[in-house]
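Read through the structure below, which is laid out as structure tokens, and then see the notes.
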Amino acid sequence: GAGVSQSPRYKVAKRGQDVALRCDPISGHVSLFWYQQALGQGPEFLTYFQNEAQLDKSGLPSDRFFAERPEGSVSTLKIQRTQQEDSAVYLCASSQRTSSHEQYFGPGTRLTVT
Amino acid sequence: GQQLNQSPQSMFIQEGEDVSMNCTSSSIFNTWLWYKQDPGEGPVLLIALYKAGELTSNGRLTAQFGITRKDSFLNISASIPSDVGIYFCAGLQSGAGSYQLTFGKGTKLSVIP
């Protein structure tokens with residue numbers, strides 16, 4: 001079946017611009033996660049949704065970052081007034097049940113802020 | 001945030017050789033996962049480990065969950081060129097935030113044909 005998809009795959013933004021990154025999880029997956037991966041590093045947790053409820057946003061680096069999943073399927077990560085330090089790959093993952101530990105990742109969106 | 005210590009950072013091996021990499025932490029983890037990431041792609045789940053001492057295989061890959069629950073290792077036998085990539089360990093803790101994967105910095109594997 002189809003895996004997790006993300007769009008766009010690449011995004012170049014000028015400093016100060018707002019961006020929106022989209023994630024389509026595997027159909028029927030309850031849990032959805034966003035991670036940020038800096039160059040040469042492992043992914044770091046940003047936020048977690050169970051269906052449409054955002055249960056944890058402790059990893060969001062600032063109040064410029066906002067995520068939503070209004071209907072419990074597609075999710076959008078929005079970054080306002082982008083800064084150069086926001087440049088990274090943003091990964092989305094989903095898992096089938098709330099008790100499942102196996103998270104399946106999308107290909108990521110590479111954001112470059114110039 | 002908390003990081004897992006993954007080693008080696010990189011390795012170059014000849015095709016056909018066996019590979020071993022490991023991951024350690026100062027904290028206890030209840031689940032260990034191993035992922036492989038190719039350039040421009042997201043991490044792909046290879047093996048999941050749920051019990052201390054558990055040894056699990058997936059084809060040429062074998063992983064173990066350490067008895068202390070603070071470490072794990074991954075072995076790849078008879079490496080082939082398509083094994084090239086970055087391997088990440090990831091752990092899950094119990095309690096609050098138990099769904100947050102904590103990742104190591106990765107082991108970059110290069111295979112010389």
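If you read the sequences in order, they're chains A and B.
In terms of this note's numbering, the first sequence opens at residue 1 and continues consecutively.
In terms of this note's numbering, the second sequence opens at residue 1 and continues consecutively.
Think of the CB as a built atom: it goes at the ideal place given N, C-alpha and C, for glycine as much as any other residue.
Owing to the predicted nature of the structure, the values given are computational and were not obtained by experimental measurement.
Query: Nearest to T68 (chain B) (by Cα), restricted to the options B:K108, B:G16, B:N30, B:V111; Result: B:N30
Query: Where V12 (chain A) falls, given that 16 or more other Cβ within 10 Å makes a residue buried; Result: exposed
Query: Proximity to F65 (chain A) [Cα-Cα], best of A:L55, A:G72, A:S7, A:T76; Result: A:T76
Query: Separation of L111 (chain A) from F73 (chain B), as counted between CA atoms; Result: 32 Å
Query: Same chain only: Cβ atoms within 8 Å of V19 (chain A), ignoring 5 sequence neighbours per side; Result: K11, A13, K78, I79, T82, L111
Query: Test: P39 (chain B) CB closer than 8 Å to a CB of chain A; Result: no
Query: Chain A contacts from the region 28 to 52 of chain B (Cβ-Cβ distance under 9 Å); Result: N30, T31, L33, Y35, Q37, G40, E41, G42, P43, V44, L45, A48, Y50
Query: For S134 (chain A), three-class secondary structure by DSSP; Result: There is no way to answer for residue 134 (chain A), as the model of chain A reaches only from 1 to 114.
Query: Stretch-stretch touch, CB-based, cutoff 8 Å, three pairs: the region 42 to 60 of chain B with the region 103 to 110 of chain A; Result: yes
Query: S26 (chain B) (DSSP reduced to helix, strand or coil); Result: coil
Query: K70 (chain B): contacting residues in chain A (beta-carbon distance under 9 Å); Result: Ordered by position in chain A, no residue passes the 9 Å Cβ test against K70 (chain B), which lies about 17 Å from the chain.
Query: Helix, strand or coil at S82 (chain B) according to DSSP, with G and I counted as helix; Result: helix
Query: For T107 (chain B), the nearest candidate out of B:E17, B:L61, B:G85 (CA to CA); Result: B:G85
Query: Within 8 Å, strictly: CB atoms of Q36 (chain A) and A88 (chain A); Result: yes
Query: Cβ pair Q6 (chain A), L21 (chain A) closer than 8 Å; Result: yes
Query: Among B:A63, B:S27, B:Q100, the one whose alpha carbon lies nearest that of M21 (chain B); Result: B:A63
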